[in-house]
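Read through the structure below, which is laid out as structure tokens, and then see the notes.
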Amino acid sequence: MAGSTKTNSIDPVAGIVQHTQPDKPKLTRNSTRKVRTGCITCKKRHVKCDEGKPHCLKCLQSRGHCEGYAVEQRKDPPKPGQFCWDSSQVIRHAAPPRAQALLNFDFLDFGNDLGVIYFDEFVGLVSAPWTSAASGDDLWAVTVPQLARNSDTLRSAAMAIGALSMWHRQSPNRRLSTLSVPEVPGNEGDSHYFNAVAHYCQSLKSQSRHASLQDTVVLSVLLLYFESLRDNRKAALDHVNHGLSLLLALITDENSQHHIAGLAPNPRPLLAALAGVYNHLTPQARSVLKDRIGSGPPLPNLAKGLKKKNHTIESFMVLLSQLPVTGTDIGDVPAVFNSLDDYQESWSAIRKAHTAMVPIMVETLTSSGAMHSKDDKAIEDFHRNLLGNDRIRDFCDRSAKAMDALDVAFQPLFNKIIMTYDDESPVYLRAIHLRLQYLGVHIFDNPPEYIDMASLNTRTPLFREYLSVASIALRLARREVQRNPALQMSLQYGLSWYLLIMAFFCRDPLLRDEAVGMLRDYPGQDGLWSTRALYALALRCRLVEQRNAMEGTPDEQWARLWRREFVFEDGGDRIIFRYMDRNEATGKWELVEDLAELEEGTYEMRWRRQPVTGSGGLLMVELYAAANAEDETHTPP
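Note that the UniProt record's numbering has the sequence shown beginning at 1, numbered continuously upward.
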């Protein structure tokens with residue numbers, strides 16, 4: 001804007017640009033039009049309005065409510081500014097990416113002032129600490145807002161998310177996991193929900209009229225975010241199915257390099273960031289089924305594409321994980337990291353290398369004799385061979401050495417940030433999230449450590465540290481939830497899942513109970529997981545542990561606990577849980593299956609016993625076969 005200047009300062013530790021805006025010079029009367037932007041309530045009272053958005057603070061303090069602002073329709077809506085990619089143009093004094101994200105709304109066509117409010121809400125939501133810290137890149141904080149500002153399709157989707165966030169903000173329900181969407185407007189705040197649906201539909205119409213590769217790929221993520229934010233996991237699974245199919249076609253096509261080049265002037269970072277979202281959600285989509293076991297592949301469009309391309313889900317996930325191209329090798333770890341950006345680059349390289357274990361695990365599974373066996377002894381031998389496999393052990397040993405070196409170099413920086421920064425600082429929260437990511441992989445993605453009770457007991461200090469750091473993250477999260485529950489929606493966070501794994505596998509009963517308690521009070525929603533379902537499963541597992549401890553040596557008890565398997569049906573609202581239970585009549589331990597269905601809006605559920613579904617063998621084998629098999633009778637959405 002003419003007459004204003006902006007200065008930037010960079011925090012070297014966090015790699016975050018901070019913006020300051022000096023006072024604007026006073027404009028002359030000729031340059032200023034008369035403002036009539038006060039709220040409806042102040043206009044009726046004929047008093048000066050403080051123009052606070054979305055509600056006037058003066059009204060809220062004096063009267064307890066504000067009727068909001070009249071929606072001013074623009075007489076001549078300006079067309080969106082032309083957005084031209086020109087990779088040959090060099091801008092030597094360009095603003096930093098986060099500064100570029102703060103564009104002037106007046107250049108865009110929002111239709112009315114409410115559209116501006118919704119878009120502003122969207123930008124604040126997707127750049128919130130929980131979302132941006134978990135992603136590890138600028139996808140949400142910078143890239144998506146920039147692209148949305150310059151595309152009718154993406155801007156409509158962004159306004160849909162912003163309107164839904166406004167509805168959450170004004171809802172008396174402060175937990176995403178127990179929300180109930182309105183069917184008809186019940187109060188003034190519900191209008192935001194129906195406006196959100198209208199903008200959602202508008203984005204689909206715009207996409208059908210003006211299709212582009214960039215809009216199609218990014219829109220799939222935005223609509224996935226929207227459906228997750230209103231807890232519609234069945235629709236979210238459809239978008240995962242569609243988005244993964246797009247990525248498969250894009251990166252495996254004969255002309256893939258040409259298609260990728262047309263995605264953006266520097267397409268690799270954008271493609272890698274989008275792939276990171278879907279790579280995180282794909283394993284969830286194998287456990288959270290839209291329908292029931294046996295009703296077809298969980299991701300039908302993807303399954304059909306994988307068959308044509310001669311890929312499996314596992315090989316495709318490895319392919320996606322290789323998209324981020326970094327110049328950092330896993331051995332290039334300094335003595336001490338100087339910034340979180342430097343650490344994250346090395347951490348990303350190690351995580352990328354860690355995905356090479358997936359094909360080894362699959363090969364061990366498919367070559368075992370337990371693939372189609374129902375014999376308890378054969379299945380026990382399979383678990384023992386899998387967890388004791390020499391190739392897997394050697395891989396994990398090499399990975400552990402690299403991660404230990406990374407941890408030594410990160411500890412001084414981490415401790416400095418924790419002691420220097422306030423816990424409200426984005427730098428502090430980012431450091432906490434990065435520490436949780438490291439501990440999650442180090443503790444839970446090391447199969448050989450789970451082979452027997454002795455190995456697991458040595459992991460107890462790590463389990464304890466994980467819960468300690470997680471408690472800090474959740475304390476900060478609950479503070480944000482009081483402002484807006486939508487701030488705790490993340491497509492790339494996995495804390496709730498790791499808490500469930502802790503409740504299953506940690507051998508310290510006090511730590512297990514602490515993990516269950518954290519799940520009960522969990523304030524957010526992580527991807528496709530239903531927090532209520534994870535908590536219900538953790539509670540049920542506590543009873544299984546109690547019955548299992550009645551008989552046998554520690555190693556015999558642990559071998560029985562290997563048989564615990566579960567899957568979430570009907571979009572996550574129906575839980576199937578298998579485990580070994582003692583038959584009181586025969587005194588033998590037998591495989592049983594329990595079922596529970598979540599009731600809308602509550603944490604209450606009832607478990608009941610049912611016959612074991614499927615073949616009665618390993619549930620993971622049935623899910624693996626379903627995910628990689630094309631069902632000709634299944635109609636894709």
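Quick reminder that beta carbons are idealized off the backbone N, C-alpha and C, glycines included.
Original post:
Exposed or buried, what is Gly262 when buried is set at 16 or more other beta-carbons lying within 10 Å of its beta-carbon?
Top reply: exposed
Original post:
Nearest to Gln411 by alpha carbon, out of Arg547, Ala625 and Tyr343?
Top reply: Nearest C-alpha to Gln411: Tyr343.
Original post:
When the Cα of Arg149 is compared with those of Ala405, Lys48, Gln525 and Phe119, which residue comes out closest?
Top reply: Phe119
Original post:
residue 638: buried (16+ other C-beta within 10 angstroms of its C-beta) or exposed?
Top reply: An answer regarding residue 638 cannot be provided, because it is not within the stretch 1 to 637 covered by the chain.
Original post:
Would the stretch 441-453 and the stretch 384-392 be scored as touching if the rule is three or more Cβ pairs under 8 Å?
Top reply: The stretch 441-453, when compared against the stretch 384-392, does touch it at the 8 Å Cβ threshold.
Original post:
Can you pull the DSSP bridge partners for Ile575?
Top reply: Phe568 and Ala596
Subject >> Cβ pair count under 8 Å reaching 3, the stretch 330-342 against the stretch 268-288 >> reply: no
Original post:
Leaving out the 5 sequence neighbours to the left and right, which residues in its chain are closer than 7 Å to Arg33 when beta-carbon positions are compared?
Top reply: Because the pLDDT at Arg33 is just 41, under 50, the model does not fix this residue reliably, and the point stays unresolved.
**OP:** Pick helix, strand or coil for Leu489, following the three-state DSSP scheme.
**Re:** At residue 489 the sequence reads Met, which differs from the Leu that was named. Three-state DSSP puts Met489 in a strand.
**OP:** Could you tell me the boundaries of the beta strand (DSSP E) in which Arg609 lies?
**Re:** Trp607 to Gln610
Original post:
What residue does the alpha helix (DSSP H) around Gln411 start on, and which one ends it?
Top reply: Asp390 to Thr420
Original post:
Can the beta-carbon of Ser530 be found closer than 9 Å to that of Leu598?
Top reply: A Cβ-Cβ contact shorter than 9 Å links Ser530 with Leu598.
Original post:
Taking 8 Å as the line, does the beta carbon of Arg512 fall inside it for any heavy atom of the ligand ADP?
Top reply: The model on display carries no ligand, and the ligand ADP is accordingly not part of it.
**OP:** Going by CA-CA distance only, name the one from Arg393, Thr420, Glu424 and Leu436 that's closest to Asp407.
**Re:** Leu436
Subject >> Nearest to Leu561 (by Cα), restricted to the options Glu254, Asp215 and Arg507 >> reply: Among Glu254, Asp215 and Arg507, the Cα nearest to that of Leu561 belongs to Arg507.
Original post:
So what does DSSP say about Ser31, is it helix, strand or coil?
Top reply: Per-residue confidence for Ser31 stands at a pLDDT of 40, beneath the threshold of 50, marking its modelled position as unreliable; the derived number appears in the next sentence. Helix at Ser31.
Original post:
Based on Cα-Cα distance, which residue from Leu164, Cys56 and Ala303 lies nearest to Leu487?
Top reply: Distances from the alpha-carbon of Leu487 to those of Leu164, Cys56 and Ala303 put Leu164 closest.
Original post:
Under 9 Å between the Cβ atoms of His239 and Val221?
Top reply: yes
Original post:
Does DSSP classify Val288 as helix, strand or coil?
Top reply: It is a strand residue.
Subject >> Beta-carbon proximity check, Pro298 vs Ala503, cutoff 9 Å >> reply: No, Cβ-Cβ distance for Pro298 and Ala503 is not below 9 Å.
Original post:
Would DSSP call Ala94 helix, strand or coil?
Top reply: Residue placement at Ala94 is flagged as unreliable, the pLDDT there being 38, under the threshold of 50; the coordinate-derived value follows with that caveat. Coil at Ala94, not helix or strand.
Subject >> Close beta carbons around Ala128, own chain, < 8 Å, minus the five adjacent residues each side >> reply: When the five nearest sequence neighbours on each side are left out, the beta carbons in the same chain lying within less than 8 Å of the beta carbon of Ala128 are those of Glu480 and Leu487, in order along the chain.
Original post:
How about Ser295 and Leu289: are their beta carbons less than 9 Å apart?
Top reply: yes
Subject >> Alpha-carbon to alpha-carbon, Val612 and Ala378 >> reply: Between the alpha carbons of Ala378 and Val612 lies a distance of about 18 Å.
**OP:** State whether the stretch 144-163 contacts the stretch 200-219, with contact taken as three or more CB pairs (one from each stretch) at a distance under 8 Å.
**Re:** yes
**OP:** Could you give the DSSP three-state label for Leu302: helix, strand or coil?
**Re:** helix
Subject >> According to DSSP, residues forming a beta bridge with Asp581 >> reply: Looking at the DSSP assignment, Asp581 forms a beta bridge with Glu590.
Original post:
Which value, in whole angstroms, describes the spacing of the CA atoms of Leu528 and Met620?
Top reply: 19 Å
Subject >> Endpoints, the alpha helix (DSSP H) within which Cys541 is located >> reply: Thr531 to Asn548
Subject >> DSSP state of Asp113 mapped onto helix, strand, coil >> reply: helix
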